[in-house]
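>
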Amino acid sequence: MPDSTDVIVVGAGLAGLVAATELTNAGRHVRVLEQEPEQNLGGQAFWSFGGLFFVDSPEQRRMGVHDSHALALADWMGTAAFDRPEDHWPRRWAEAYVDFAAGEKRAWLHAMGMRWFPVVGWAERGGYGAIGHGNSVPRFHVTWGTGPGVLEPFVRRAREAVAKGLLRFDFRHRVDELIVENGAVVGVRGTRLVD
Ligand SMILES: Cc1cc2nc3c(=O)[nH]c(=O)nc-3n(C[C@H](O)[C@H](O)[C@H](O)COP(=O)(O)OP(=O)(O)OC[C@H]3O[C@@H](n4cnc5c(N)ncnc54)[C@H](O)[C@@H]3O)c2cc1C
4 MPDSTDVIVV
14 GAGLAGLVAA
24 TELTNAGRHV
34 RVLEQEPEQN
44 LGGQAFWSFG
54 GLFFVDSPEQ
64 RRMGVHDSHA
74 LALADWMGTA
84 AFDRPEDHWP
94 RRWAEAYVDF
104 AAGEKRAWLH
114 AMGMRWFPVV
124 GWAERGGYGA
134 IGHGNSVPRF
144 HVTWGTGPGV
154 LEPFVRRARE
164 AVAKGLLRFD
174 FRHRVDELIV
184 ENGAVVGVRG
194 TRLVD
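Letter by letter, the sequence shown follows residues 4 to 198 of this note's numbering.
As structure tokens, then:
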């Protein structure tokens with residue numbers, strides 16, 4: 004890798020695009036390695052329904068849905084039933100994600116131009132109670148433009164970062180191995196694929 008690369012991101016799905024564009028917004032030089040060709044930019048999110056998990060949103064309140072951070076966390080814990088030592092980090096991630104979904108998530112995406120259908124759906128409905136499986140209230144906020152509408156701001160920011168020389172995509176580059184030194188990942192090894 005050239006010395007100018009601060010961070011390598013593996014995969015140009017939604018997670019990779021969000022990570023890469025947050026990093027380039029902070030001035031880092033990023034290289035994204037993606038095993039598929041450029042037509043696959045955005046990964047699964049392109050084909051998705053674009054239903055986003057928000058907690059206590061204006062759309063829910065307008066529909067008379069009473070949601071809260073505590074209820075969403077209870078729903079998640081009731082569904083996941085974290086009870087093993089190795090559940091520590093998944094539990095911490097769930098707590099952080101509920102904080103995000105009840106906090107800055109909607110405003111952050113709204114500021115990038117994303118908008119949602121006024122009717123909130125009730126996906127992963129489960130057993131209708133906060134101690135059982137699933138969402139006990141509707142939380143599925145479908146994005147205008149569905150999956151491509153979710154990707155649009157991140158693809159736009161990625162293209163801007165490419166134009167500024169902060170971001171480079173390498174398609175048809177498959178990562179096969181993480182290089183670990185002294186307990187830290189310092190690079191990757193992989194294969195250039197041919198079409
Ligand atoms: C039809 C459908 C509908 C959906 N609807 C919704 C919905 O409404 N709401 C919702 O929240 N979720 C939905 N989802 C799920 C959601 O789309 C995914 O969870 C999300 O897009 C995953 O993003 P990701 O970046 O983590 O993974 P991916 O999109 O899978 O991206 C991973 C990328 O990494 C690349 N990659 C993998 N391994 C390597 C490697 N070794 N080297 C280089 N590149 C590699 C892959 O080629 C891929 O491009 C839906 C999914 C589908 C398929």
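Glycine included, each C-beta is placed from N, C-alpha and C at the ideal position.
Closer than 7 Å to a non-hydrogen atom of ligand 1 - does that hold for the CB of Leu181?
Here the question's residue 181 lines up with position 178 in the sequence shown. Every heavy atom of ligand 1 is 7 Å or more from the Cβ of Leu181, so no.
> Is it right to say Met4 is buried, meaning 16 or more other beta carbons lie within 10 angstroms of its own, or is it exposed?
If you number the sequence shown from 1, residue 4 lands on position 1. Because Met4 sits at a pLDDT of 47, beneath the cut-off of 50, its placement in the model cannot be relied upon, and the following sentence gives the value as read from the coordinates. The residue is exposed, with fewer than 16 neighbouring Cβ atoms inside 10 Å.
> Can you round the beta-carbon distance between Leu36 and Val13 to whole angstroms, since I take them to be within the 8 Å contact cut?
The residue labelled residue 36 in the question sits at position 33 within the sequence shown. The residue labelled residue 13 in the question sits at position 10 within the sequence shown. Contact flag correct, Cβ pair sits at about 5 Å.
> Taking Gly54 as the reference, which of Met117, Pro88, Arg177, Ala22 has the closest Cα?
Numbered from 1 along the sequence shown, position 51 holds the residue referred to as residue 54. For the residues Met117, Pro88, Arg177, Ala22, the minimum Cα distance to Gly54 belongs to Met117.
> Can we count Arg177 as close to ligand 1, meaning its CB is less than 7 Å from some heavy atom?
Indexing the sequence shown from 1 puts residue 177 at position 174. Yes; taking the cut-off as 7 Å, the Cβ of Arg177 has a heavy atom of ligand 1 nearer than that.
> Taking 7 Å as the cut-off, is the beta-carbon of Asn43 closer than that to any non-hydrogen atom of ligand 1?
Position 40 of the sequence shown, counting from 1, holds the residue named residue 43. At least one heavy atom of ligand 1 is nearer than 7 Å to the Cβ of Asn43, so yes.
> Looking at the secondary structure, which residues open and close the alpha helix (DSSP H) in which Asp102 lies?
For the purposes of this step, residue 102 is taken as the residue at position 99 of the sequence shown. Residues 91–105.
> Any chance the region 19–37 sits against the region 144–161, with 3 or more Cβ pairs inside 8 Å?
yes
> In terms of residue numbering, what span does the beta strand (DSSP E) encompassing Thr194 cover?
Position 191 of the sequence shown, counted from the start, is the residue given in the question as residue 194. DSSP places Thr194 in the uninterrupted beta strand (DSSP E) bounded by 187–195.
> Would you please state the rounded distance, in angstroms, between the beta carbons of Phe49 and Leu154? I believe it to be under 8 Å.
The residue given as residue 49 occupies position 46 in the sequence shown. The residue given as residue 154 occupies position 151 in the sequence shown. With 8 Å as the limit, Phe49 and Leu154 qualify as a contact, their Cβ atoms being about 6 Å apart.
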